[in-house]
Structures are given as structure tokens and as C-alpha cells.
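Each remark here refers to the structure printed beneath this line.
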């Protein structure tokens, strides 16, 4: 038997792999930071053997509460990911599985590789609606891809959609696949009407370096990009620096920042509550968006999740709050679960790439419901 993770997005250290019932592993920390929770590795040579894969340092991970009732995902072909029996004793996370094949992959959530990101960009630019630009480079020298969708005509609203500031939250880029597929569908009437009213600027992956390195949150040097929006720099957080400069050039009338939540088992939106310039207008737009999204997607709920701080106490170092305060617009953070939804569970897959895609597409309906009131 062999454990390996030396591939795009991989993360694990193998401590012991001689006994299939006592495979001991450790999740590795983000480079330059203390964050860790993301894992992704390959097991070979164990077909037909009952395996117990023990992540021995899970109890000290960044979001240890997220392991309760959690099930890891596995795949033989790296296309179809299914949930496997998993238990947590407060210290060790143990995956129980008997592989049917000689090679099987296990992960925290279905991975989204930089190779797939390249395919997503290539597919998108095949549309006449899309112009691709590269804002600059990451610390590892990767491109910061930006898609402009629609014509930037006078009078149109400017909508920014970004995802995966925290690279281990891979559901965010699966969400992007669904969002882009629908926005670029020339036969979709909602997409057609939205593009008549707005131009979209889309960053499918805000953290390419962390994605390739197999990090949970940080970029190449461990910077949490979603705490850099007040004062980003090229030497510490070029990803935010480059995107924020472009936002200042284009203006922002709407922003959605897409994430995953390690602990909570539901989809929810965090609005701009608590910013100094909070107003009834922003509150009405936020509620209108939430109500519309719930109407079109039963996987979304509005009863839990938006814990707004007291007036003036919002953390404007975070993207959603910073954008709302700086541009006076509706700016939100969308969170999806790593495990499953409480109200609409799926026994085999839990929350999954396909369900993320579907929710991505549904957000166009929610935006359409409020587009005329953005400004």
C-alpha cells in the first residue's frame, strides 16, 4: 500500500501505511500559517482490503467542530465523488472504506484543480460574450484571470462575482461552473435580460497559489486574503491588490463573494450589516435577494446564518463589508457546507459539485429579482 499527495491540490503526510486497519496520516499546515483542515490524497494497493485511514491531528485543526457528523469524499475516477463512512472521536478523524479498485482518492470535499480552472477559463472565452484579461501574477507566478461578460456600455450596472479566496473551499469554484454556464447560455432568458442591464466581472479563483499547494485558506505565504481588503500589498496579497484596483476602475454596483463553511450544515448569505453606512435601502436589497434565492432553490435557507455585528462594528478588512462600505452597494458573502444541508440532505453525495453548480445557476434568478433596484 502507498499514500501519496504530490499532485495539484494534494495535502497529507503519511506516518504509517503497513497495516490497512491502521493507516496513520497528518494534515499539513498552509505554508507560512497555522491553518489546516483541507486534505486530498491517493491510496494505492489496497483493493478489497478493509481500510481505516486515521487523520491523527484532526482534533487540533482550524475548525475541529466541523468534523462532527462529517463524511469524507472518495473517488476512483476523480469525476464522481461519493461519501464514505467517517467518524470522529474528538482527536482523530477515521475514514472507513474497502476500495474496489487499486487506486482511490480521498478528500475533504471534491477537489477543483488548477487544470480544471484552466479548462473553465478556456470554455468561457469560447463565448462571444466574454473577454479574458490577466490582472497580474500571484506570488508563485500564476495568472490572476478575470472574465468580463457583456458589454461595458454607459448606464449598465457593474456586477462583480468572485470565488475561492479561501482555496480549500472548492465548492466555490464548482458553484462558478454553474453560474457561468447559465450566464453564457444564449437561450436563457434571464441571462439575456441581465446582460442587457449589467456587465459582469468574474474572478473564478481568487487564490490560485493556495489551490495548487493544497492549502485550506492562505495564499503562497499563508496570507488570509479575506482579511486584506483594507490594505492589500503586492508582496503579501497581490491577489486582492490587483482585483481591488480593477474594482476601483470599473466601480461596483453589486458584489458576491463565494465561500464554503467548515462547520455549518446549510447554505446562507452574509450581508453588509454593521458597516458604518448601513441603510434601509441595503437592507431591502439584501432581503429581496435572499427571498428570491430561497424561492428558486430549496437548498438555500434564510432562517440562519447572517450574524450582523452592531452598527459600525463590521470588519471592513473582509471583502463583503469593505466593498459595501467603499462603493455603497449590495455586497454579500455566500457560504456553502462541506458536509450536507440539514433540510435537503443527499445520502450518497452530501453537498456536492453538482448541487454547488445548481445553486450557482439559481443566483441569476435572485439577481434578476433586484437588478433594477441596485442604483
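Numbering (my numbering), first residue to last: 32 to 406.
Heads up, the beta-carbon is just placed ideally off N, CA and C, and yes, glycines get one too.
The residue from 88, 242, 346 with its alpha-carbon nearest to that of residue 305 is 346.
Residue 69 places its beta carbon less than 7 Å from that of residue 247. For residue 229, the enclosing beta strand (DSSP E) begins and ends at 229-234.
In the structure shown, residue 107 falls within a coil segment according to DSSP collapsed to helix, strand and coil. In this structure, the alpha-carbon of residue 225 lies about 35 Å from that of residue 113. DSSP, reduced to helix, strand and coil, places residue 143 outside both helices and strands of the structure shown, so it counts as coil. Taking residue 360 as reference, the option from 222, 313, 299 with the minimal CA-CA separation is 313. One alpha carbon belongs to residue 326, the other to residue 136, and they sit about 36 Å apart.
Residue 296 places its beta carbon 7 Å or farther from that of residue 200.
Of all alpha-carbon atoms in 308, 396, 301, the one lying nearest the alpha-carbon of residue 220 is that of 396. Sequence-distant Cβ neighbours of residue 54 in its own chain, meaning closer than 8 Å and more than five residues away, are 32, 34, 45, 47, 48, 74, 82, 83, 84, 85. Of all C-beta pairs linking the stretch 188-202 to the stretch 125-135, fewer than three are shorter than 8 Å, placing the two stretches out of contact.
Excluding five sequence positions before and after residue 144, the CB atoms of its chain that fall closer than 6 Å to its own CB belong to 39, 40, given in chain order. For residue 134, the enclosing beta strand (DSSP E) has its first and last residue at 134-138. Apart from the 5 residues on each side of it in sequence, residue 139 sits with its Cβ closer than 8 Å to the Cβ of 68, 69, 70, 71, 103, 104, 199, 369 in its chain, given in chain order.
DSSP places residue 75 outside any alpha helix (DSSP H); the residue lies instead in the beta strand (DSSP E), whose first and last residues are 71-75. Beta bridge pairing from DSSP links residue 190 with 231, 285. Scanning 148, 141, 97, 106 for the CA closest to the CA of residue 123 turns up 97. Between residue 356 and residue 308, the C-beta gap is smaller than 7 Å, which places the two residues in contact. Nearest C-alpha to residue 363 among 130, 319, 255, 162: 319.
By the Cβ neighbour-count rule, residue 344 is exposed, with fewer than 16 other Cβ atoms within 10 Å of its own. Bounds of any alpha helix (DSSP H) do not take in residue 119; it lies within the beta strand (DSSP E) bounded by 116-119.
Put simply, of 111, 190, 130, 179 the residue whose alpha carbon is nearest the alpha carbon of residue 76 is 130. Straight-line spacing of the CA atoms in residue 272 and residue 264 works out to 6 Å. Here residue 165 is exposed: its Cβ has fewer than 16 other Cβ atoms, across all protein chains shown, within 10 Å. The beta carbon of residue 366 sits closer than 6 Å to those of 290, 292, 299, all from its chain and outside the five residues before and after it, given in chain order. By the Cβ-count criterion, residue 213 is buried, with 16 or more other Cβ atoms from all chains shown falling within 10 Å of its own Cβ. Around residue 259, the same chain offers 268, 271 as residues with beta carbons nearer than 6 Å, after the five sequence neighbours per side are excluded. For residue 35, the pairing in a beta bridge is given by DSSP as 73. Of the candidates 118, 237, 89, the residue whose Cα lies closest to the Cα of residue 148 is 237. Assignment of beta strand (DSSP E) within the stretch 202-277, counting only whole runs of 3 or more residues, yields 229-234 in chain order. Taken in chain order, the complete alpha helix (DSSP H) segments of 4 or more residues contained in the stretch 332-405 are 350-358, 384-401. Minimum Cα-Cα distance from residue 42 among the listed residues 241, 207, 404, 210 corresponds to 241. Between the alpha carbons of residue 349 and residue 257 lies a distance of about 5 Å. Where residue 161 is concerned, the enclosing beta strand (DSSP E) starts and stops at 161-168. Taking the C-beta atoms as reference points, residue 230 is found no nearer than 7 Å to residue 302.
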